[in-house]
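Q:
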Amino acid sequence: MEYNFKTVEKKWQKFWKENNSNHTVIDQSKPKFYVLDMFPYPSGAGLHVGHPLGYIASDIYARYKKLCGYNVLHPMGFDSFGLPAEQYAIQTGQHPAITTEENIKRYREQLDNIGFSFDWDREVRTSDPEYYKWTQWIFIRLFDSWYNRLTNKAEPIETLISHFRNHGNVDADIPSGEADYFSSEEWLDFSEKRQQEILLKYRLAYISEATVNWCPILGTVLANEEVKDGVSERGGYPVEKKKMKQWSLRISEYAQRLLDDLEGIDWSDSLKEQQRNWIGRSEGAEVNFKVHGTDFAIEVFTTRPDTIFGATFMTLAPEHELVEMIVTPEYRNEVMNYVFEAKNRSERERMADVKRITGNFTGAYAIHPFTNEKIPVWIGDYVLAGYGTGAVMSVPAHDSRDYAFARHFKIPIQEVVRGGNIDVESYDAKDGKLINSDFLNGLSVKDAIKKAIDAIEKKGIGKGKINFRIRDAVFGRQRYWGEPIPVYYKDGLPFTVDEKDLPVVLPEVDKYLPTEDGEPPLARAKDFSYKGFPLETTTMPGWAGSSWYFLRYMDAKNQNQFASSQALDYWKDVDLYIGGAEHATGHLLYVRFWTKFLKDLGFIHIDEPAKKLINQGMIQGRSGFVFRKKDSNVFISNGLKNNYETTAIHVDINIVENDILNINAFKNWREEYKNAEFVLEDGKYFCGTEVEKMSKSKWNVVSPDDMIDKYGADCLRLYEMFLGPLELSKPWNTNGITGTSNFIRKLWRLFHKQNGAESVISISNESPTKDELKVLHKTIKKVKEDIERFSFNTSVSTFMICVNELTDLKCNKHAILEPLTIILSPYAPHIAEELWQMLGHADSITKAVFPEFNEEYLIESAFTYPVSVNGRTKINLPLPLSLSKEDIETSLLKMDEVTKLLNGQSPKKIIVVHGRIINIVI
RNA sequence: GCCCGGGUGGUGGAACUGGUAGACACGCAGGACUUAAAAUCCUGUGAUCAUUGCGAUCGUGCGGGUUCGAUUCCCGCCCCGGGUACCA
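Numbering (my numbering), first residue to last: 1264 to 2185.
Okay, structure coming up:
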């Protein structure tokens, strides 16, 4: 009997379920290990073969760690708030909760079929009120906190209030940058309303009038992280800038810590680099330039204060508030037109033609603080209102954008760092000696920066300053299917709902669309109020629930806390996190932010959510094509298509095997192909192929269910790992799956022998031979090393070699097969369980212990081996391959022999690597 | 433009700290078994030349360098993938 994966897999999945095999509880006697996957959004399309890739890897690792004696937390859940369910609801009127529930059910089935060892008792769903109650609770904590820049952490708002009472705010920076200072007396005199308004400028969750990314088609605002190339990340709809009252989270206060703590975590370089760029720290100085004939001063930010003597003009962003005040009457019209145009250009347009240089002279002049020369003030849209101070001192000689602007408008260019040829291009490098710069002359750029900042500070015209690119995260969404923000309004001011009244549940609405006056869908709900006051009608963004879910898994059913301190202290942080790199500047930044915030308030004791992160690659689709001869129902095989005039048509990749079309299936695929005719090559129809994104419309979606039906879950698991390195993106190609399928069958045959027509279990109790032990221990060593460095593809190869060698040795010995089965079980859990039972064990293999390898069996025993001479020609040395230290000594003594082999030439130098002669130099 | 990552057979990919390049698998070719097919097993498979046996030469994107020895390290260039985009 061949291996019947269908009955075996069902049998063990049932067994695991009935015995609750994957449930984990806190066990102080064992070290913990937390393996986490990024949880999926349960879409209507179900899983395709690309989705489980990361889950298979994490499952292998989790099972491996379990066998190594760790108490492993390996949970799964659903990121179940999101746009598709809502859009479906808008179209059909069906409540998103219902579609979401159905989709989750389908996902769960698919995941179970693959045989994952998730602890489903800990399942979380972000759209479950029992879960989002705590998301709302964290929001309230954010609202009730401020960032103390002296202690460098978040503190309860009460500490700020008492500070105001005693000292006012003269000694504290205002995070929002507004300079309205007050004394303690003034604070006490303020009305409650005024006090609350001031506190809003400090709260980590705050509402403010701000320029936001508005997506009219989605009808909602988006965070910077959700906008890519001027269009929404989801759906690709255009995004425009708009001023709106918005909830935001003050992530910018955490910029430095988010940057610094990247050092201590084991994430990929590219991902850390993306986060660094996103945070965008730049060191420099803020300098004030007086505007000639007025009391105004233009404040600029520059990273190159050393080049201040090269500043030949100033440029303001069109939106800069000073523009209107300093523009001279004769330029007013031109300038205001320019400002108007610039404001109305969408982000998209502005990005599309970065090369276009536009700007306008304002008629005003600034006074250079060191030379007292008058330098013209321009406006230009290459200066961004949202970064730095929205104004720059333009140094065309040493900044390529200023250079282009100066060239275009014929503004003088003054070289101050020697290095390039400024007649051709700007010299931006921070390398060279200062010239034409008064007291900076002769200094290197590095020293000049320091000296310039000193001089600027001494003169009282500015100070050294660090700027970050990262903006606060917009937190409100004008959508239905998200967590309600637990806030109500009294007297126009926001207050949070009492903790005991959480969760604020999503109200029923008649439609999932905005109201006629453009209010969010929640405004449709009847009596959506709290204690008679109106509740906030925007909801939280998709990333709210995912910013802390890893903590909820630790104690998923806790009714009184987001997780008990006992659970938090035991499980601490994620040891291995696997998920897609596309979350680099979204989820992975927010989850770090919330972790740091919760730590500041003392709820958890970790700085970072995940010690190690691995980004699995994307699996692309491999589309198949048939070629229809023009105006006919005749299809031409790929190799012959150039002889005809043909059109390529996507064909369902599931009726193509090894690029050969299943002609009968094709005829049945669609009515119109029923009578199709074919021009074949060697009696076969070869399809054309192309790598594209996996999508329904391209007919290249391969479902894991089909693969499991055909080859079994273990085969799918092995094959997905065998495809290549986990991090690599690659097209799905079913062609090679027979390899892993053969492997499983070969393994099965090791335990069975043919008895006539019948095959019977055959396991020998004889003691293994040296060769057999060598095969086993080699395999254990390699597999262990490979799992530990996440090289799952090579360990699958190792298994294949092992089974091939055991087959050659006809080895069916218990003593070999038992440990082999254990080390295989993370990869192919179903067959491993079956074999484990066959070997006579009543317990599940998950209770077994990962075997240790024994170095002794690995020593080579060959007696001649090839050695290079001068790195080229090879001779065979009659010496053991593996040498101990003493062996090397003696082998050196045998150099007479070597000399003989080298036709009498004596070796100059002998290179020994890993106790083995590699090369002889003569 | 800038910042990361990467270029190895017909294909996916191995080669861990510089030490026998191409493991393993797919595909292909030939053979065994079979009435036949499937399944299974065996042999070959980087290129060129020689195949009467041992073989010989070239070969990890291109050009150079370091080294007894380079897919691996260094310099210059080309190409591909990802991120980012006027961030002063």
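Here a beta-carbon is modelled for each residue, glycine too, at the ideal position from N, C-alpha and C.
According to DSSP, which residues form a beta bridge with Q1509?
A: According to DSSP, which records beta bridges pairwise, Q1509 is partnered with S1471.
Q: If we call anything under 9 angstroms between Cβ atoms a contact, is R1742 one with E1503?
A: It is not a contact, given that the beta carbons lie outside the stated cut-off.
Q: For E2152, is the classification buried or exposed, using 16 other Cβ atoms within 10 angstroms of its Cβ as the cut-off for buried?
A: Low confidence applies to E2152: its pLDDT is 44, below 50, so where it sits in the model is not reliable enough to give any reading.
Q: Using C-beta distances below 7 angstroms, list every residue in its chain close to E2149, excluding the 5 sequence neighbours before and after it, in chain order.
A: The predicted model places E2149 with a pLDDT of 45, which falls under 50 and marks its position as unreliable; any figure quoted below should be read in that light. Closer than 7 angstroms at Cβ, skipping near neighbours: no residue.
Q: Identify the continuous alpha helix (DSSP H) that holds S2058 and give its terminal residues.
A: Here the alpha helix (DSSP H) through S2058 covers 2055-2071.
Q: Could you say which of L1851, I1403, P1783, V1490 lies nearest to L1525 if we only look at CA atoms?
A: Of L1851, I1403, P1783, V1490, the residue nearest in Cα terms is L1851.
Q: Using a Cβ-Cβ cut-off of 8 angstroms (strictly less than) and excluding sequence neighbours within five positions of F1302, which residues of its own chain qualify?
A: Around F1302: M1339, G1340, F1341, D1342, V1387, S1809, Y1812.
Q: Am I right that M1957 and I1882 are in contact with their C-beta atoms under 8 angstroms? What's the rounded C-beta distance?
A: Contact flag correct, Cβ pair sits at about 7 angstroms.
Q: Where does V1772 fall in DSSP's three states?
A: Three-state DSSP puts V1772 in coil, outside helix and strand.
Q: Given this structure, state the Cα-to-Cα distance separating L1585 from F1559, to the nearest angstrom.
A: Roughly 8 angstroms separates the two Cα atoms.
Q: Looking only at its own chain, which residues have a Cβ that is under 7 angstroms from the Cβ of R1855, when we skip the five neighbours before and after it?
A: L1521, E1871, P1872.
Q: In whole angstroms, what is the alpha-carbon distance linking N1704 and P1632?
A: The alpha-carbon atoms of N1704 and P1632 are separated by roughly 17 angstroms.
Q: Name, in chain order, the residues that DSSP records as bridge partners for S1707.
A: DSSP lists K1696 as partners of S1707.
Q: Is the distance from the Cβ of S1515 to the Cβ of I1733 below 9 angstroms?
A: Taking 9 angstroms as the Cβ cut-off, S1515 and I1733 qualify as a contacting pair.
Q: From what residue to what residue does the beta strand (DSSP E) around D1300 run?
A: Element bounds for D1300: 1295-1300.
Q: Give the range of the beta strand (DSSP E) segment to which N1411 is assigned.
A: 1408-1411 is the span of the beta strand (DSSP E), which, as asked, contains N1411.
Q: Would you say N1487 and V1646 are within 9 angstroms of each other, going by their C-beta atoms?
A: No.
Q: Would you mind working out which of F1379, G1556, S1408 sits nearest P2092, comparing C-alpha positions?
A: Considering only alpha carbons, the answer is F1379.
Q: State the DSSP-derived secondary structure class of S1792, mapped to helix, strand or coil.
A: Strand.
Q: Measuring only the C-alpha atoms, how far is S2067 from T1997?
A: One detail in the question is off: residue 2067 reads as Asn in this sequence, not Ser. C-alpha separation (whole angstroms): 23 angstroms.
Q: Are there 16 or more other CB atoms within 10 angstroms of the CB of K2076, so buried, or fewer, so exposed?
A: Burial call: buried.
Q: So, at 6 angstroms on beta carbons, what are the nonlocal neighbours of P1581 in its own chain, with the 5 sequence-adjacent residues on each side left out?
A: The answer, listed in chain order, is V1602, A1605, I1642, D1644.
Q: When we look at the beta-carbon of P1675 and count the other beta-carbons within 10 Å, is it buried (16 or more) or exposed?
A: The residue in question, P1675, is exposed, as its Cβ has fewer than 16 Cβ neighbours within 10 Å.
Q: Express the C-alpha separation of R1740 and V1484 in angstroms, rounding to a whole number.
A: Whole-angstrom Cα-Cα distance: 6 angstroms.
Q: May I have the straight-line CA-CA distance separating F2113 from I2043, to the nearest angstrom?
A: Their backbone Cα atoms lie some 9 angstroms apart in a straight line.
Q: Going along the chain, which residues of its own chain have a beta-carbon closer than 6 angstroms to the beta-carbon of D1299, five neighbours each way excluded?
A: The sequence shown places Leu at residue 1299, not Asp. So the list reads F1813, V1837, Y1840, once near-sequence residues are dropped.
Q: For R1885, count neighbouring C-beta atoms within 10 Å of its own C-beta (all shown protein chains included) and say buried if the count is 16 or more, exposed if not.
A: Classification of R1885: buried, given that the 10 Å Cβ count is 16 or more.
Q: Of all the options N1623, L1463, E1990, P1777, which has the alpha carbon lying nearest to the alpha carbon of P1479?
A: Of the candidates N1623, L1463, E1990, P1777, the one whose C-alpha sits nearest the C-alpha of P1479 is P1777.
Q: Using C-beta distances below 7 angstroms, list every residue in its chain close to N2117, excluding the 5 sequence neighbours before and after it, in chain order.
A: Excluding positions up to five away in sequence, the list reads H2040.
Q: Could you pull the DSSP bridge partners for P1994 from this structure?
A: Looking at the DSSP assignment, P1994 forms a beta bridge with Q1883.
Q: Which same chain residues end up closer than 7 angstroms to N1432 when comparing Cβ atoms and leaving out the 5 residues on each side of it in sequence?
A: Closer than 7 angstroms at Cβ, skipping near neighbours: Y1444, F1445.
Q: Tell me where the beta strand (DSSP E) around M1984 begins and ends.
A: From DSSP, M1984 is part of no beta strand (DSSP E) but of the alpha helix (DSSP H) over 1976-1985.
Q: With a threshold of 16 other CB atoms inside 10 Å of the CB of R1567, please say whether the residue is buried or exposed.
A: By the 10 Å Cβ count, R1567 comes out buried.
Q: My guess is that D2200 and K1273 are in contact by the Cβ rule of under 8 angstroms, so how many angstroms apart are they, rounded?
A: It is not possible to answer for residue 2200, since the shown part of the chain is limited to 1264 through 2185.
Q: Can you list, in chain order, the residues of its chain with a C-beta nearer than 8 angstroms to that of V1717? Leave out the 5 residues immediately preceding and following it.
A: The residue asked about is misnamed: residue 1717 is Asp in this sequence, not Val. Once the five neighbours on either side are set aside, D1717 has no close Cβ partner at all.
Q: Whole-angstrom Cβ separation of A1417 and D1863, contact assumed at under 8 angstroms?
A: The pair is a contact, with the Cβ atoms about 4 angstroms apart (cut-off 8 angstroms).
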